[in-house]
Amino acid sequence: MAPANTQQAKIQFGYRRHPDQDRPGQSPAEHPVVIVGAGPVGLSLAIDLAQRGQRVVLLDDADRIGEGSRAICFSKRSLEYWDRLGVADRMVDKGVVWSVGRIFHGEQQLYQFNLLPEDGHKRPAFINLQQYYAEAYLVDRIQDLPAIDLRWRNKVTALEQRNDSALLTIETPEGAYRLQAQYIVACDGARSSLRQMVGAEFAGQVFEDQFLIADVKMTAEFPTERWFWFDPPFHAGRSALLHRQPDDVWRIDLQLNRYADPTVEKKPENVRPRIARMLGHDKFEFEWISLYKFQCRRMDRFIHGRVIFAGDSAHQVSPFGARGANSGLEDAENLSWKLDRVLRGASPASLLESYHVERSMAADENIRESTRSTDFMAPNSHQEARLRKAVLSLAKETEFGKRMVNGGRLSVPCSYDSPLSSRDADAWHGGPSPGCSMLDAPVATRAGEQAYLTDLFRRGGTDFTLLSFNNGAAVDAPDGVKDIRIGGEGELADPQGLAAKRYDAEPGSAYLLRPDGYVAARFRHPTAAAIAAALARAEGLN
Amino acid sequence: MPLSTSSNFARPDDAFRAIVEAHRGLTDEQSADFDAALVLILANHIGDIDVLRQAIALAKRRMIDGQQQQQQQQQQQ
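Listed in order, the protein sequences are those of chains A and B.
Here the first sequence is numbered in the numbering used here, starting from 829 and rising by one per residue.
Here the second sequence is numbered in the numbering used here, starting from 1439 and rising by one per residue.
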């Protein structure tokens, strides 16, 4: 989406010739998996697969991490995933932590919300971090993982699908070569060239209103919160968003009308007065200015033969809700363990179909949410504008009106209605149901050491895990399934009772967690047979 | 719960009259603004998405029926 003319290199990488390029054309090198696109999704997926013992070739057509106004908000869920990949600490240390948002109408605050109002979670609701930092930290992590072969300035120019593999033609500064792979994962962004090569449509809705996005550098006293205005005094009749990033950089989104001329509106001398009105001063410098029309669209199928699509290549949303990069990272965590099992022969290839089922469900939810937000900000008709006006005026004095004001519904993990889930057979009054993401909670070791459930889950590599609450009839986890036991005679205590509360646990309750931290099944009184059946289902074995 | 279409007011004329009077003296534009707010307030009071959807369907159906009647009358003329 970013215009290339103002794009500057933030970090430069070198092209290096690889021995694969010396192979004769008729016998190309064979690899289990080739990932195309070294953005946050491709980099994270490569790390995850490598940690699971897979060799990965990661191709990128550029040789630098670009600057520009791309993703800035990374969700709790993404940070928990990055924890498993060994990069979350750096992200959080550099990032700006936030959980509070405020919505204004005119000069008046309508309401504020807190996205993580409770304690006892390792990671915050969100951090803001420029995408180039996230990518740089992921690339650094890859240096520790010799199983990943990251090749810059390797541009895929052709794809040939075969029965049990795919053949890529790759252009480099030293000419073309070919690679054969069992699976290709296309993480090559909204303008995916792989998507064009498989001939898939990318249909959806284009929003007519234009949005000006500026990253400005300034020292300011605004709190670290997400501020959203409808009809602000500095930008009458439109909406505006202010968000803090590291290094004293602030993200500003201003809604423009659909007829605004991008080349005129983008000129710094035209942007400056608008932003000065917003900030009340003009002591700021521009890092980046661009104009967007937002789109919400998705591929019909995320898997085409041997090519699997993840992130923006498969689905695109408007930015109000932080559902772009975060949903791409959820794609990576959903795909990684499945692809690993299929490549190892531990699960049939049909397990991959659940990636399409689950993540296209998530894409629909993300598109629905971000479409609703964008429509609320930019009403399509007089009557839509009238209904919005009614909501905004009712929000001043009613709670229901506040709840209807839609200035962006921020990314939370989707709940999957999944073929891998086993339905509840017992009565539950809370806790994550099958198809939902695990919840974090604080626990303590017998030695009194503090820990978090998400940490215990990732320790020793993430695999299927039986999380059980004892003091009841404990059942051993099946072979190859990790065991986390809380309470009872076990190593871990639940001093605040938060783990039991968040999981609606009674003595003996147990949750079977998938390697991506989603609940596959849960039991009030687990038996070895019931757990084995749920495990087989979640592994795609029946 | 299904949408209730039986008469719920002891004095239906009072209810109709209250709404009519609320519109007195308003321009069409103001009336439309008023209706938008009133619909949202009542929808929230009902608080049941299924009932709301049935109400929307009923209102839409009346519009379609009304259009058809108009067309038929025009044809007869």
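Where a beta carbon is used, it is the ideal one built from N, C-alpha and C, also for glycine.
Since we're looking at a predicted model, the values are computed, not measured.
Would you mind working out which of the options sits nearest residue i, comparing C-alpha positions?
{"i": "V1309/A", "options": "L1326/A, V928/A, L1340/A", "result": "L1340/A"}
{"i": "T985/A", "options": "F1204/A, L887/A, V869/A, P1247/A", "result": "L887/A"}
{"i": "A1279/A", "options": "E1212/A, F1292/A, R1079/A, L1320/A", "result": "L1320/A"}
{"i": "K1329/A", "options": "A1302/A, T1290/A, A1269/A, A1223/A", "result": "A1269/A"}
{"i": "V928/A", "options": "S855/A, L944/A, W980/A, G914/A", "result": "L944/A"}
{"i": "P1001/A", "options": "A899/A, R981/A, H1353/A", "result": "R981/A"}
{"i": "H1257/A", "options": "E1334/A, S1246/A, F1297/A, L1326/A", "result": "E1334/A"}
{"i": "E1093/A", "options": "F1114/A, R1129/A, F1039/A", "result": "F1039/A"}
{"i": "Q971/A", "options": "G914/A, L1119/A, Y1244/A, D1322/A", "result": "G914/A"}
{"i": "L1082/A", "options": "P1090/A, P1343/A, D1075/A", "result": "P1090/A"}
{"i": "N956/A", "options": "E1225/A, P1247/A, V1077/A", "result": "V1077/A"}
{"i": "G1315/A", "options": "D1307/A, L1326/A, R1342/A", "result": "L1326/A"}
{"i": "R1287/A", "options": "E908/A, V1013/A, G867/A", "result": "E908/A"}
{"i": "L1171/A", "options": "D1322/A, H933/A, Q840/A, R1134/A", "result": "R1134/A"}
{"i": "S1141/A", "options": "S1164/A, A1191/A, F1050/A, L1179/A", "result": "A1191/A"}
{"i": "G1318/A", "options": "N1298/A, P1260/A, V1303/A", "result": "N1298/A"}
{"i": "A1358/A", "options": "Q854/A, Y1346/A, A1305/A, T1052/A", "result": "A1305/A"}
{"i": "K950/A", "options": "I1136/A, G1027/A, V1303/A, L1281/A", "result": "L1281/A"}
{"i": "H1132/A", "options": "R1086/A, L1180/A, H933/A, Y1346/A", "result": "L1180/A"}
DSSP three-state call for residue i: helix, strand or coil?
{"i": "I900/A", "result": "coil"}
{"i": "V1145/A", "result": "coil"}
{"i": "R1350/A", "result": "strand"}
{"i": "D1304/A", "result": "coil"}
{"i": "D1285/A", "result": "Correcting the residue type first, residue 1285/A is Phe in the shown sequence and not Asp. Helix."}
{"i": "H1184/A", "result": "helix"}
{"i": "N1098/A", "result": "helix"}
{"i": "F1472/B", "result": "helix"}
{"i": "S1201/A", "result": "helix"}
{"i": "T1293/A", "result": "strand"}
{"i": "A1456/B", "result": "helix"}
{"i": "D1254/A", "result": "coil"}
{"i": "R1125/A", "result": "strand"}
{"i": "V1026/A", "result": "helix"}
{"i": "A1214/A", "result": "Before going on, a small fix: residue 1214/A reads as Arg here, not Ala. Here R1214/A sits in helix by DSSP."}
{"i": "A1362/A", "result": "helix"}
{"i": "G1139/A", "result": "helix"}
{"i": "P1090/A", "result": "helix"}
{"i": "P1060/A", "result": "coil"}
{"i": "F1228/A", "result": "helix"}
If you draw a straight line from the alpha carbon of residue i to that of residue j, how long is it in whole angstroms?
{"i": "L1007/A", "j": "M1025/A", "result": "16 Å"}
{"i": "A773/A", "j": "R880/A", "result": "Outside the displayed range of chain A (829 to 1370) lies residue 773/A, so it cannot be described from this structure."}
{"i": "L966/A", "j": "A874/A", "result": "10 Å"}
{"i": "K1230/A", "j": "L1363/A", "result": "43 Å"}
{"i": "D848/A", "j": "Y1011/A", "result": "17 Å"}
{"i": "H1143/A", "j": "D891/A", "result": "25 Å"}
{"i": "R1105/A", "j": "Q1505/B", "result": "50 Å"}
{"i": "N1234/A", "j": "S1243/A", "result": "21 Å"}
{"i": "Q1073/A", "j": "D1059/A", "result": "24 Å"}
{"i": "S1265/A", "j": "N1098/A", "result": "45 Å"}
{"i": "E1193/A", "j": "I1479/B", "result": "27 Å"}
{"i": "A1174/A", "j": "G1368/A", "result": "10 Å"}
{"i": "F841/A", "j": "L978/A", "result": "10 Å"}
{"i": "L1248/A", "j": "K983/A", "result": "36 Å"}
{"i": "Y1331/A", "j": "R1100/A", "result": "51 Å"}
{"i": "D917/A", "j": "L871/A", "result": "17 Å"}
What does the Cβ neighbour count give for residue i, buried or exposed, with the cut at 16 atoms within 10 Å?
{"i": "N833/A", "result": "No answer about N833/A holds up, because its pLDDT of 34 lies below 50 and its placement is not dependable."}
{"i": "K904/A", "result": "buried"}
{"i": "A1453/B", "result": "exposed"}
{"i": "T1459/B", "result": "Contrary to the premise, residue 1459/B reads as Glu rather than Thr in this sequence. Its Cβ having fewer than 16 others within 10 Å, E1459/B is exposed."}
{"i": "T1293/A", "result": "buried"}
{"i": "Y1005/A", "result": "buried"}
{"i": "P843/A", "result": "Reading off the sequence shown, one finds Tyr at residue 843/A, where the question assumed Pro. It counts as exposed."}
{"i": "Q1468/B", "result": "exposed"}
{"i": "G1108/A", "result": "exposed"}
{"i": "N1154/A", "result": "buried"}
{"i": "P1241/A", "result": "buried"}
{"i": "V861/A", "result": "buried"}
* **Segment contact flag, the segment 983 to 995 of chain A with the segment 935 to 948 of chain A, C-beta cutoff 8 Å, min 3 pairs** => no
* For the 8 Å Cβ check, are there 3 or more pairs between the segment 1169 to 1189 of chain A and the segment 1199 to 1216 of chain A? -> No: the two stretches stay apart, fewer than three of their Cβ pairs being nearer than 8 Å.
* To do: Would you check if the segment 1244 to 1255 of chain A and the segment 1349 to 1362 of chain A touch, i.e. whether three or more CB-CB distances between them fall below 8 Å?
  => yes
* **Contact between the segment 1139 to 1157 of chain A and the segment 1191 to 1207 of chain A (3+ Cβ pairs under 8 Å)** => yes
* Asked: Is the segment 1032 to 1049 of chain A touching the segment 1109 to 1121 of chain A in the sense that three or more CB pairs, one from each, lie closer than 8 Å?
  -> Flag = yes, the segment 1109 to 1121 of chain A and the segment 1032 to 1049 of chain A touch.
* To do: Indicate whether the contact test is met: 3 or more Cβ pairs, each with one atom in the segment 1016 to 1024 of chain A and one in the segment 1160 to 1173 of chain A, closer than 8 Å.
  => no
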